[in-house]
Every structure is written in structure tokens, then in C-alpha cells.
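Novice: Have a look at the structure that comes next, please.
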Amino acid sequence: MIILIDSGTTNSRIRLVHEEEKEIVEVIKLPVGVRNTAIDGHNNQLKQELSKGVKQVLAKHSLTQREVKYIVASGMITSNLGLHEVPHIESPASLEDFIGAVQVVKAEEFLNIPCLYVPGMKNAVTDSLEEELSVINQYDVMRGEEVEAYGLLKQINTEGKGLMILPGSHTKYVLVGQNRELLRCRSTLGGEVLKAVRDQTIISDSLNEKLVEEVIPEYVMKGYQAARKVGVTRSLYHIRLLHLFSKLDENERANYYAGVILSYDMEALEQMLEEEEVSWIMVGGSDPLRSLFYHLLTHVSDSASIVLADDEQVERATVYGTLEVGQSYFVNK
């Protein structure tokens with residue numbers, strides 16, 4: 002057995018997996034991430050909750066720590082706000098580059114089981130910020146998306162250069178080379194802005210807590226087109242006006258709202274597609290964001306084939322990617 006830990010900004014997942022069969026035995030989701038470290042000023046809560054989660058999984062399946070071969074930890078857990086910081090490696094980066102930069106730690110919180118901390122990636126930038134702030138758009142970083150990307154590529158056949166879209170709290174655009182190396186990435190705050198505007202402005206009264214319960218492409222596109230025509234902040238006020246004066250229900254208004262906010266992400270994507278010619282675009286991440294991006298993409302790109310990952314492929318992406326790292330690491334050692 003092995004354990005996989007994927008820790009993000011807000012949530013963490015712990016998976017118990019049969020290594021040989023690549024079968025997911027147990028998954029637990031914990032409402033803790035590096036945001037807690039940023040707020041508290043220390044990583045105690047993150048460490049305690051992840052430690053309890055690992056012990057909970059072992060107890061539920063009557064396992065001792067000796068029956069767990071190793072742990073693989075990816076995502077923000079390897080940042081300065083996580084449990085063990087591993088420096089980003091520089092793009093372009095192959096899977097072998099990530100494996101070569103793995104750091105192994107045995108610690109009490111994980112019962113001294115060897116834990117492989119997987120590094121993230123940063124874009125290679127030649128110009129200096131000291132010279133000109135205009136180059137800031139060349140900079141970017143990611144942690145966790147590297148194993149997710151390789152896990153999807155392991156399941157879905159692609160040819161040529163492509164672009165992977167991995168939405169979540171942050172939207173990640175990952176440019177993939179012909180030899181499946183990760184060339185560079187670009188990030189937005191799309192997911193966080195969706196939540197923040199809904200929770201902290203007057204339009205919270207016009208939207209439900211779950212936001213988009215069912216994707217309705219027509220209303221997603223109406224919101225997107227409104228944002229492009231009259232601006233995002235005006236289009237956001239449309240949500241309240243639609244509540245007051247139209248017959249649209251909460252879900253229809255939520256689709257309109259998502260189209261407005263994600264128009265920002267589409268702008269970033271369009272710019273990236275102007276810079277790079279790709280033959281395919283793959284959309285991963287969980288629903289409803291995955292479906293929202295897919296429908297918007299059909300109106301943004303007509304030159305590349307669009308591949309939509311399914312639920313099972315998305316669920317197995319991080320598992321396949323981290324397993325590839327763990328198994329290859331020990332083979333090379």
C-alpha cells in the first residue's frame with residue numbers, strides 16, 4: 002500500500018492506493034490547506050490535520066505504518082507554507098526532471114514512513130524585474146498541477162504540442178511540448194474570484210451557495226459576451242438586476258455569473274494561444290469548472306482539437322502522476 006497526499010490552498014486529499022493495481026482504496030478530503038498557515042503564521046494546523054488523516058486511513062483499514070511502502074506528497078505542501086519546502090525546478094521540465102528533484106523525509110507526523118515531496122515548476126525567465134516590470138507576465142509557478150498533468154497525459158493520447166487547462170482555486174494553463182515535457186505555465190485567480198465576489202458583494206443575495214448546480218451553456222455564453230461588451234464590473238451588477246427584474250432562477254443567474262468571471266480567464270487563454278500554436282487543448286479539473294471551460298473554449302478556439310477529460314480520468318490523474326513519480330524514484334535508487 003502507498004499513501005498519496007495532495008494539499009492545496011484550501012483543501013487537502015489523502016488517498017490510500019494499491020500500488021500494483023493502481024486501485025484507489027480510500028479517499029478523504031480535509032478542509033485544510035496552506036491558507037491556514039498563511040492566516041496562523043505557522044503550519045501546526047496543517048501538520049496536525051494531515052497527520053490525523055493519515056492515521057485515520059490506516060486505522061480504518063487495519064494497517065500498520067510498516068504496511069505502507071511510502072507516501073508521495075504534492076501540491077502546496079511542498080511550498081514555504083507547507084510541511085517541507087522543495088524549490089521549484091525550472092521549465093522546460095520532463096517527468097524525469099521532477100523525479101530527480103524529489104526530496105525524501107521521515108517525520109513523526111507521518112509515523113516515519115518515507116515521504117517523497119514532489120517539487121513544483123517555475124517558468125524560466127531571462128529578463129530581470131529590476132529592469133522592467135513589463136516582463137512580469139512571463140513569470141509563473143505551479144505546485145501539484147505537474148503530477149495532475151502527467152496523470153492525464155498517461156491516460157489520454159495526444160500528438161504534438163498542446164495546452165492543458167486545469168481549473169480549481171487557481172486556473173492553470175500548462176503548455177505541453179511534443180515530447181510531453183512541460184514548457185511553461187500561466188495562472189489566474191479564477192476560482193478564488195468566483196467565490197470571493199459571490200461571498201463578499203451584494204450579488205451574494207442573488208446566487209446560491211453551491212453556485213452552478215447544472216451547466217447551461219446558453220447562459221454561460223450570455224455572461225461571457227456581456228463582460229466582453231460592457232465590462233466585467235458592469236456585467237456583475239447584471240446579476241442583481243436579473244434577480245430583481247427577470248424570471249431567471251438561481252442556477253441560470255449562476256451560469257451567467259460564471260461566464261462573466263471566467264471571461265477574465267478566457268482573455269489570458271487567448272493571449273497564450275496568440276503566443277503559441279497548439280494542436281490540442283485538454284480540459285481537466287473537477288466539475289462544474291471543467292464543463293464551464295469546455296463550453297467557453299468552443300467559442301474561443303477553432304484551430305485546436307478540444308479534449309474533455311471525464312470524471313474518472315480526472316480522479317485518477319493525480320494518482321497516476323504521483324505513482325509514476327514514486328515508482329520511478331525507487332527504481333532509479
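Each residue of the sequence shown is one higher than the one before, counting from 2 in our numbering. Beta carbons are placed, not taken as given, at the ideal position from N, Cα and C, and that holds for glycine.
Where does I157 sit, in a helix, a strand or coil, going by DSSP?
Specialist: It is coil, neither helix nor strand.
Novice: Roughly how many angstroms lie between the CA atoms of Y1 and K173, to the nearest whole one?
Specialist: The chain is shown only over 2 to 334; residue 1 falls outside these bounds and no answer can be derived.
Novice: Tell me the DSSP secondary structure of H244 in three-state form.
Specialist: In the structure shown, H244 sits in a helix (DSSP, three-state: H, G or I).
Novice: For a quick check, are the C-beta atoms of Q66 and L117 less than 8 Å apart?
Specialist: Contact flag unset, no.
Novice: With DSSP as the reference, label V119 as helix, strand or coil.
Specialist: Looking at V119 - three-state DSSP - the assignment turns out to be coil, as it is neither helix nor strand.
Novice: Enumerate in chain order the residues of its own chain whose CB-to-CB distance from L154 is below 6 Å, with the five nearest sequence positions on each side excluded.
Specialist: So the qualifying residues of the chain are R181.
Novice: Taking L297 as part of the alpha helix (DSSP H), name the residues at either end of that continuous run.
Specialist: Its alpha helix (DSSP H) spans residues 290 to 301.
Novice: Could you please give the first and the last residue of the uninterrupted beta strand (DSSP E) stretch that includes R187?
Specialist: Start and end: 183 to 189.
Novice: Quick test of your reading: L183 and A94, contact by CB under 8 Å. State the CB separation rounded to the nearest angstrom.
Specialist: At roughly 5 Å, the Cβ-Cβ gap stays under 8 Å, so L183 and A94 are in contact.
Novice: Short of 8 Å in beta carbon distance, which residues of its chain neighbour T323, apart from the five on each side in sequence? Order them along the chain.
Specialist: Result list for T323: L5, D7, V73, S75, V119, V148, G152, in chain order.
Novice: Could you please give me the residues that DSSP links to I4 through a beta bridge?
Specialist: Per DSSP, L17, I72.
Novice: Nearest-angstrom Cα distance between Y295 and E109?
Specialist: One C-alpha to the other measures close to 43 Å.
Novice: Could you pull the start and end residues of the alpha helix (DSSP H) that T38 belongs to?
Specialist: Unbroken alpha helix (DSSP H) run through T38: 35 to 41.
Novice: So, is E325 buried or exposed, given that buried needs 16 or more other C-beta atoms within 10 angstroms?
Specialist: Label assigned to E325: buried.
Novice: DSSP state of V320, grouped into three classes?
Specialist: In the structure shown, V320 sits in a helix (DSSP, three-state: H, G or I).
Novice: Considering only C-alpha positions, which residue in the set Y238, P218, R14 is nearest to I25?
Specialist: Minimum Cα distance to I25 is reached at R14.
Novice: Quick one: residues in its chain with C-beta nearer than 8 Å to the C-beta of D141, no 5 flanking neighbours on either side, listed in chain order?
Specialist: Answer for D141: K123, N124, R185, C186, R187, S188, listed in chain order.
Novice: Please return the same chain residues whose Cβ sits closer than 6 Å to the Cβ of R199, not counting the five positions on each side in sequence.
Specialist: Answer for R199: S205, L208, listed in chain order.
Novice: What whole-angstrom Cβ distance do L243 and L237 have, given they're in contact under 8 Å?
Specialist: Their Cβ separation, rounded to whole angstroms, is 11 Å, which puts L243 and L237 out of contact at 8 Å.
Novice: In its own chain, which residues sit with a C-beta less than 8 Å from the C-beta of V87, not counting the 5 before and 5 after it?
Specialist: Excluding sequence neighbours, V87 sits near T79, A102, V103, Q104, Y118, V119, P120, G121.
Novice: Are the stretch 302 to 321 and the stretch 272 to 289 in contact at 8 Å, needing three or more beta carbon pairs?
Specialist: Result yes; three or more Cβ-Cβ pairs closer than 8 Å.
Novice: Pull up the distance between the alpha-carbon of S63 and that of E20, whole angstroms please.
Specialist: Rounded to the nearest angstrom, the two C-alpha atoms are 17 Å apart.
Novice: Mind checking R235: buried by the 16 CB within 10 Å criterion, or exposed?
Specialist: Exposed, because fewer than 16 other Cβ atoms sit within 10 Å of the Cβ of R235.
Novice: Could you compute how far the alpha carbon of S247 sits from the alpha carbon of E193?
Specialist: Roughly 27 Å separates the two Cα atoms.
Novice: Which residue from G169, G224, V35 puts its Cα closest to that of N81?
Specialist: For the residues G169, G224, V35, the minimum Cα distance to N81 belongs to V35.
Novice: Starting from the C-beta of G178, find all residues in its chain whose C-beta is less than 8 Å away, skip the five residues before and the five after it, and write them out in chain order.
Specialist: Excluding sequence neighbours, G178 sits near P93, K162, L184.
Novice: May I ask you to report which of helix, strand or coil DSSP gives E24?
Specialist: Here E24 sits in strand by DSSP.
Novice: Among the candidates E276, G169, R291, whose CA atom is the shortest distance from the CA of N138?
Specialist: Among E276, G169, R291, the Cα nearest to that of N138 is on E276.
Novice: Does DSSP put K162 in a helix, in a strand, or in coil?
Specialist: Three-state DSSP puts K162 in coil, outside helix and strand.
Novice: For Y330, I'd like the list of residues in its chain whose CB is within less than 7 Å of its CB, leaving aside the five on either flank, ordered along the chain.
Specialist: Taken in chain order, the residues that qualify are I100, V103, L117.
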